[in-house]
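Only one structure is covered here, and it is reproduced in the block below.
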Ligand code: SAH
């Protein structure tokens, strides 16, 4: 099987939308390299279809008021190169005590290994927000109970798997995308973890209360679900909200405060912001 490799340049504010778009077109995985998005497509997808989809997406972005500056070049990778090209893109990556590695790499027994098969879902650790979330799990898990952990927008399941490796007794990962659900199920099995439940849907489809809730989503969604997150936290529970762009954090922080949580730390990673908040010990459930 041969693959087209597309190297796509796009303005920062359109990068996430583009990643979603190339996956919708049928790209099984993207990599970021030198500020560009590298996307692979099976050669059975007509090259014209892919190019047309990208061109019309540029128009969609422009109509939405974004100066997307979308440009791309592509080539057909020779058959023999494919596996190596793909594998080279998914090298092990460290975040705090965790190492995210694809199934074909050897585990390091001194690290908390998270085996992630990069399928059609977000969360290979090659994104700053995923790595920041992992470091937040490591740093703040000592400050709350270790009973129940909720990962909203689990993607590949990487954060849920990290929570299980960190000692939470029961972990739930929820996602609205069925491709993410499939990928998360596969990854949970790859890591041989029996205490992770993967569910389709949103926080409203999950029952119970949690010691730690993490959500790596866009800011609009974080603002919308802030009250539900606060409502599902146990007293002294920790909430980590990530995925907002710098400049959007004030609105998210306001929403978290209105929902009754106290912000304890904010992290800035380039253009990305993550906020950690706590529910007071005497808060009503
Ligand atoms: N947790 C992973 C993946 C984050 S990508 C990581 O940190 O790397 C965000 C994921 O959230 C996507 O898989 C998307 O399908 C899902 N998602 C978006 N809105 C959601 C919502 N309201 N409820 C649950 N999942 C959602």
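In the working numbering, the protein residues as written are 18 to 302.
All C-beta atoms, glycine included, are put in the ideal place defined by N, C-alpha and C.
Every value quoted in this text rests on a predicted model; they were computed, and no experiment measured them.
Would you call residue 146 buried or exposed, if buried means 16 or more other Cβ atoms sit within 10 Å of its Cβ? As a first step, residue 146 is located in the chain shown; it is residue number 129 there, counting from the start. Per the 10 Å Cβ criterion, buried.
Would you tell me roughly how many angstroms separate the C-alpha atoms of residue 61 and residue 284, rounded to the nearest one? By one-based count along the chain shown, residue 61 stands at place 44. By one-based count along the chain shown, residue 284 stands at place 267. Cα-Cα distance, rounded: 43 Å.
With a threshold of 6 Å on Cβ separation, who are the neighbours of residue 257 within its own chain once the five nearest residues in sequence on each side are excluded? Counted from its first residue, the chain shown places residue 257 at position 240. Closer than 6 Å at Cβ, skipping near neighbours: 153, 231, 293.
Residue 199: CB within 7 Å of a non-hydrogen atom of the ligand SAH: Numbered from its first residue, the chain shown carries residue 199 at position 182. Residue 199 Cβ: outside cutoff for every heavy atom of the ligand SAH.
Meets three-Cβ-pair contact criterion under 8 Å: the stretch 175-190 and the stretch 199-214: yes
Beta-carbon proximity of residue 42 to residue 70, cut-off 8 Å: Looking up residue 42 in the chain shown gives position 25. Looking up residue 70 in the chain shown gives position 53. Cβ atoms of residue 42 and residue 70: closer than 8 Å.
Beta carbon of residue 149, beta carbon of residue 291: below 8 Å? Taking the chain shown and counting its residues from 1, the one referred to as residue 149 is at position 132. Taking the chain shown and counting its residues from 1, the one referred to as residue 291 is at position 274. In this structure, residue 291 lies closer than 8 Å to residue 149 by Cβ.
Would residue 266 be called buried (16 or more neighbouring beta carbons within 10 Å of its own) or exposed? The count along the chain shown starts at 1 and reaches residue 266 at position 249. Under this definition residue 266 is a buried residue.
Could you tell me which residues DSSP pairs with residue 53 in its beta bridges? Looking up residue 53 in the chain shown gives position 36. Beta-bridge pairing links residue 53 to 50.
Taking buried to mean at least 16 other C-beta atoms within 10 Å of its own C-beta, is residue 80 buried or exposed? Taking the chain shown and counting its residues from 1, one reaches residue 80 at position 63. Exposed is the call here.
Limits of the alpha helix (DSSP H) - the one that residue 157 falls within: Taking the chain shown and counting its residues from 1, one reaches residue 157 at position 140. Counting along the chain, the alpha helix (DSSP H) containing residue 157 begins and ends at 145-157.
Could you tell me which residues DSSP pairs with residue 22 in its beta bridges? By 1-based counting over the chain shown, the position of residue 22 is 5. Looking at the DSSP assignment, residue 22 forms a beta bridge with 57, 92.
Looking at the structure shown, is residue 169 part of a helix, part of a strand, or coil, going by DSSP? Within the chain shown, residue 169 is the residue found at index 152, counting from 1. In this structure, residue 169 counts as strand in the three-state DSSP scheme.
Mark residue 141 as exposed unless 16 or more other C-beta atoms lie within 10 angstroms of its C-beta, in which case mark it buried. Here residue 141 is taken as the residue at index 124 of the chain shown, counted from 1. By the 10 Å Cβ count, residue 141 comes out buried.
Answer yes or no: do residue 228 and residue 191 have a C-beta to C-beta separation smaller than 8 Å? Here the question's residue 228 lines up with position 211 in the chain shown. Here the question's residue 191 lines up with position 174 in the chain shown. Taking 8 Å as the Cβ cut-off, residue 228 and residue 191 do not qualify as a contacting pair.
With DSSP as the reference, label residue 274 as helix, strand or coil. Numbered from 1 along the chain shown, position 257 holds the residue referred to as residue 274. Residue 274: helix per DSSP, three-state reduction.
Taking only the alpha-carbon atoms, compute the straight-line gap between residue 76 and residue 85 and give it to the nearest angstrom. Looking up residue 76 in the chain shown gives position 59. Looking up residue 85 in the chain shown gives position 68. Rounded to whole angstroms, residue 76 to residue 85 spans 9 Å at the Cα level.
Where the alpha helix (DSSP H) through residue 123 begins and ends: Start at 1 with the first residue of the chain shown, and residue 123 comes out as number 106. Element bounds for residue 123: n/a, residue is neither H nor E.
Count the other CB atoms, across all protein chains shown, that sit within 10 Å of the CB of residue 171; report buried if there are 16 or more and exposed otherwise. Locating residue 171 in the chain shown gives position 154, counting from the first residue. Residue 171 should be labelled buried.
If you measure from the CB of residue 170, is any heavy atom of the ligand SAH nearer than 7 Å? The count along the chain shown starts at 1 and reaches residue 170 at position 153. Residue 170: yes, Cβ under 7 Å from the ligand SAH.
Express the C-alpha separation of residue 58 and residue 131 in angstroms, rounding to a whole number. Along the chain shown, one-based indexing puts residue 131 at 114. Along the chain shown, one-based indexing puts residue 58 at 41. In a straight line, the C-alpha of residue 131 is about 26 Å away from that of residue 58.
Residue range of the beta strand (DSSP E) that residue 248 falls in? Within the chain shown, numbered from 1, the residue matching residue 248 stands at position 231. No beta strand (DSSP E) contains residue 248, which is instead part of the alpha helix (DSSP H) from 236-249.
Hey, residue 22 and residue 92: beta-carbon distance below 8 Å or not? Position 5 of the chain shown holds residue 22. Position 75 of the chain shown holds residue 92. Yes, they are a contact pair.
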